[in-house]
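Enquirer: Mind looking over this structure? Questions follow.
There are 4 protein chains.
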Amino acid sequence: MVDIMVEDTITDRDNVLFEAGIKLGALYHQFTGSPVNLRTVESLEAAIAQSISVQPCVENITVSIDRDVLGSKLNDEFGYCELEGRMLNVQIDARYGSAKVHVSMEFNKELDYPLMKIDKID
Amino acid sequence: MVDIMVEDTITDRDNVLFEAGIKLGALYHQFTGSPVNLRTVESLEAAIAQSISVQPCVENITVSIDRDVLGSKLNDEFGYCELEGRMLNVQIDARYGSAKVHVSMEFNKELDYPLMKIDKID
Amino acid sequence: MVDIMVEDTITDRDNVLFEAGIKLGALYHQFTGSPVNLRTVESLEAAIAQSISVQPCVENITVSIDRDVLGSKLNDEFGYCELEGRMLNVQIDARYGSAKVHVSMEFNKELDYPLMKIDKID
Amino acid sequence: MVDIMVEDTITDRDNVLFEAGIKLGALYHQFTGSPVNLRTVESLEAAIAQSISVQPCVENITVSIDRDVLGSKLNDEFGYCELEGRMLNVQIDARYGSAKVHVSMEFNKELDYPLMKIDKID
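Protein chains in written order, with numbering that gives the first Met the number 0: chain A, 0 to 121; chain B, 0 to 121; chain C, 0 to 121; chain D, 0 to 121.
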């Protein structure tokens, strides 16, 4: 009789998805809440993309903040608002070893939720 | 001749790893930087664990802040410090459909880095 | 003829107001964005109050998260939301030398803004 | 007999110091923890300065991240680090009504602390 221990191997695909998730969670909770208006939004987009780009496994990242949503959230008295998840559109290409994924975050109106999802696995 | 388009299917396993990564990235960038000392560390641990526990796919989470590292980082003049990644030990069980994973974050001395990793996939 | 240099003296009153402002700004931008629901809100309140209490000049702090606003913001699908400024009621007593102040943050409906203000100076 | 109620008046000077404190506390706890390296530091400086500039009472702000400290903190394996208080030099001119102040944050080596202070009151 043989007792076979089947070690569940963790693959590059597993790791790249894990890493891609880390980046989206990090981005969201680091930068939402930042004061922003229409004059400053471009520098915030650039800084977010560059900041997350330095982390492991990130091959490409684009960050876009929805000007329409931003404009609708500006406080009448003070002329600014905070960066919210519903304003963010983020696209990330990540690689780990031989595995590549494209993941994204985009506000989902039906769910009323800034949905993070796996778009494509190579 | 047939041209077969093999659509790469995204599995529960893929999704649970992506979701588990999101949680670790979120936890880290939401809560590091919080003022803390040895009298208040317990409430911070509890709040972090409970906060992340409400997110999708989290079945169990334990958060432990290293008292020795914390003690060594306390400012002499002011008696507190900030929560840093190197103090955090986090264990998360996540589930998506039929897939379960255990992931963790722990400070890795060799890498001098708060390493997030996949420990087990079911 | 005498050239008198009137040095503008910085008083305890000046410093305590500056310090009180720091605490409210810190609290707001450290903790808003935290995932929360009605089961976990109490631990988050406790941790926020304890965290900020360790900082210089804080004599007393109470943090209260509005359950009604929280309840109204819960995502239907996922059962949680993020801590927002409009949910927070914070009261801080700060002291610097001989000067004491009471400052607060509370959502102001007319301004649609989480207003921080000086309530009392001793 | 006269019952004199001496109402303690809150002045523009009081308010401008309170507001200036809020900005430094906000900046610190919003942006420390951001992933950064020497290639991306400039965009982060710009975004921080622009973000805080939209808040009430800010007349001018400069944000400078110390390249030497940053360079010394880069992780050998991963080539980036997190923005820390000890890297930040921030100068803010704030105004409230007729009162103006200059406040700053700079790392104080003796105290081993990112010290925020009032530099000048007009």
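In this text, a Cβ means the ideal position worked out from N, Cα and C, and glycines have one as well.
How many angstroms separate the CA atom of Ala46(A) from the CA atom of Ser33(A)?
Expert: Translated into the one-based positions of the first sequence, residue 46(A) becomes position 47. Translated into the one-based positions of the first sequence, residue 33(A) becomes position 34. Each residue's alpha carbon lies about 12 angstroms from the other.
Enquirer: From Ile21(A), Asn74(A), Leu16(A), pick the residue whose C-alpha is nearest to that of Pro113(B); which is it?
Expert: Here residue 113(B) corresponds to residue number 114 of the second sequence, with the count starting at 1. Ranking Ile21(A), Asn74(A), Leu16(A) by Cα distance to Pro113(B) puts Ile21(A) first.
Enquirer: Between the stretch 19–42 of chain C and chain A, which residues of the former have CB atoms less than 7 angstroms from a CB of the latter, in chain order?
Expert: Listed by position, the residues of the stretch 19–42 of chain C near chain A (Cβ gap below 7 angstroms) are His28, Thr31, Gly32.
Enquirer: Does any C-beta atom of chain C lie closer than 8 angstroms to the C-beta of Asn130(D)?
Expert: Residue 130(D) lies beyond the stretch modelled for chain D, which goes from 0 to 121, so this question has no answer here.
Enquirer: Closest by CA to Asn74(D), which one among Asn88(D), Asn36(D), Val57(D)?
Expert: As a first step, residue 74(D) is located in the fourth sequence; it is residue number 75 there, counting from the start. Answer by Cα proximity: Asn36(D).
Enquirer: Would you say Tyr112(C) faces chain A, with C-beta separation under 8 angstroms as the test?
Expert: Position 113 of the third sequence, counting from 1, holds the residue named residue 112(C). Closer than 8 angstroms: yes.
Enquirer: What residues in the stretch 57–79 of chain B bring their beta carbon closer than 9 angstroms to a beta carbon of chain D?
Expert: Taking 9 angstroms as the Cβ-Cβ cut-off against chain D, the residues of the stretch 57–79 of chain B that qualify are Asn74, Asp75, Glu76, Phe77.
Enquirer: Select from Ile51(A), Ile64(A), Asp92(A) the residue whose C-alpha is nearest the C-alpha of Val40(A).
Expert: Counted from its first residue, the first sequence places residue 40(A) at position 41. Nearest option by C-alpha distance: Ile64(A).
Enquirer: Measuring only between beta-carbons, confirm whether Ile91(C) sits less than 8 angstroms from chain D.
Expert: For the purposes of this step, residue 91(C) is taken as the residue at position 92 of the third sequence. Not an interface residue.
Enquirer: If we ignore side chains and look at the alpha-carbon of each, how far apart do Leu82(A) and Phe106(A) end up?
Expert: For this step, residue 82(A) is matched to residue 83 along the first sequence. For this step, residue 106(A) is matched to residue 107 along the first sequence. Looking at the two C-alpha atoms, the distance is approximately 13 angstroms.
Enquirer: Between which two residues does the beta strand (DSSP E) holding Lys116(C) run?
Expert: The residue given as residue 116(C) occupies position 117 in the third sequence. First-last of the beta strand (DSSP E) with Lys116(C): 112–120.
Enquirer: Under the rule that 16 or more other beta-carbon atoms within 10 Å means buried, what is Thr61(D), buried or exposed?
Expert: Here residue 61(D) refers to the residue found at position 62 when the fourth sequence is read from its first residue. So Thr61(D) ends up on the exposed side.
Enquirer: Can you tell me where the alpha helix (DSSP H) with Ser71(C) in it begins and where it stops?
Expert: Here residue 71(C) is taken as the residue at index 72 of the third sequence, counted from 1. 66–72 is the span of the alpha helix (DSSP H), which, as asked, contains Ser71(C).
Enquirer: Just verifying my parser: in three-state terms, what is the DSSP assignment at Asp75(B)?
Expert: For the purposes of this step, residue 75(B) is identified with residue 76 of the second sequence, where counting begins at 1. Coil at Asp75(B), not helix or strand.
Enquirer: Only counting the same chain, and skipping five residues up and downstream in sequence, which positions put a Cβ closer than 8 angstroms to that of Thr10(C)?
Expert: Taking the first residue of the third sequence as position 1, residue 10(C) is located at position 11. Closer than 8 angstroms at the Cβ level, and outside the excluded window around Thr10(C), lie Ala98.
Enquirer: Which of the three DSSP states is assigned to Glu83(B) in this structure?
Expert: Within the second sequence, numbered from 1, the residue matching residue 83(B) stands at position 84. In the structure shown, Glu83(B) sits in coil (DSSP, three-state: anything other than H, G, I, E or B).
Enquirer: Taking Ala45(C) as the query, report the chain B residues whose CB atoms sit under 8 angstroms from its CB, ordered along the chain.
Expert: In the third sequence, the residue the question calls residue 45(C) occupies position 46. Under the 8 angstroms cutoff, chain B gives Ser42, Ala45, Ala46.
Enquirer: Would you verify that the beta carbon of Val102(B) is, or is not, closer than 8 angstroms to some beta carbon of chain C?
Expert: Translated into positions along the second sequence, residue 102(B) becomes position 103. Output row for Val102(B): interface = no.
Enquirer: Is it buried or exposed, Asp92(A), if we count other Cβ atoms within 10 angstroms and call 16 or more buried?
Expert: Along the first sequence, read from residue 1 onward, the residue named residue 92(A) stands at position 93. With 16 or more other Cβ atoms within 10 Å, it is buried.
Enquirer: Hey, could you find the ends of the alpha helix (DSSP H) Asn14(C) is sitting in?
Expert: Taking the first residue of the third sequence as position 1, residue 14(C) is located at position 15. From DSSP, the alpha helix (DSSP H) with Asn14(C) extends over 11–30.
Enquirer: List the residues of chain D whose Cβ lies closer than 9 angstroms to the Cβ of Asn107(C), in chain order.
Expert: Working through the third sequence from its first residue, we reach residue 107(C) at position 108. Going along chain D, no residue has its Cβ under 9 angstroms from Asn107(C), so there is no contact; the nearest lies around 13 angstroms.
Enquirer: With a 10 Å radius around its C-beta and 16 neighbouring C-beta atoms as the bar for buried, classify Asp122(D) as buried or exposed.
Expert: Past the boundaries of the shown model lies residue 122(D); chain D is included only from 0 to 121, so the question cannot be answered.
Enquirer: According to DSSP, which residues form a beta bridge with Val57(A)?
Expert: Translated into positions along the first sequence, residue 57(A) becomes position 58. The partner list for Val57(A) (beta bridge, DSSP) reads Ala93(A).
Enquirer: Report yes if the CB atom of Leu26(C) is closer than 8 angstroms to the CB atom of Asp13(D), and no otherwise.
Expert: Indexing the third sequence from 1 puts residue 26(C) at position 27. Indexing the fourth sequence from 1 puts residue 13(D) at position 14. No.
Enquirer: Can you pull the chain B neighbours of Leu82(A), defined as C-beta to C-beta under 7 angstroms?
Expert: Here residue 82(A) refers to the residue found at position 83 of the first sequence. Ordered by position in chain B, no residue passes the 7 angstroms Cβ test against Leu82(A), which lies about 13 angstroms from the chain.
Enquirer: By the DSSP assignment, the alpha helix (DSSP H) with Glu105(A) in it spans what residues?
Expert: Against the first sequence, residue 105(A) aligns to sequence position 106. Where Glu105(A) is concerned, there is no enclosing alpha helix (DSSP H), although the beta strand (DSSP E) it sits in stretches over 98–107.
Enquirer: When you compare only the Cα positions, how much space is there between Asp118(C) and Val100(C)?
Expert: Here residue 118(C) refers to the residue found at position 119 when the third sequence is read from its first residue. Here residue 100(C) refers to the residue found at position 101 when the third sequence is read from its first residue. Their Cα atoms are separated by approximately 8 angstroms.
Enquirer: Mind listing the chain A neighbours of Asp13(B)? Cutoff is C-beta to C-beta under 9 angstroms, in chain order.
Expert: For the purposes of this step, residue 13(B) is identified with residue 14 of the second sequence, where counting begins at 1. Chain A residues near Asp13(B): Arg12, Asp13, Leu16, Val100, Ile117, Ile120.
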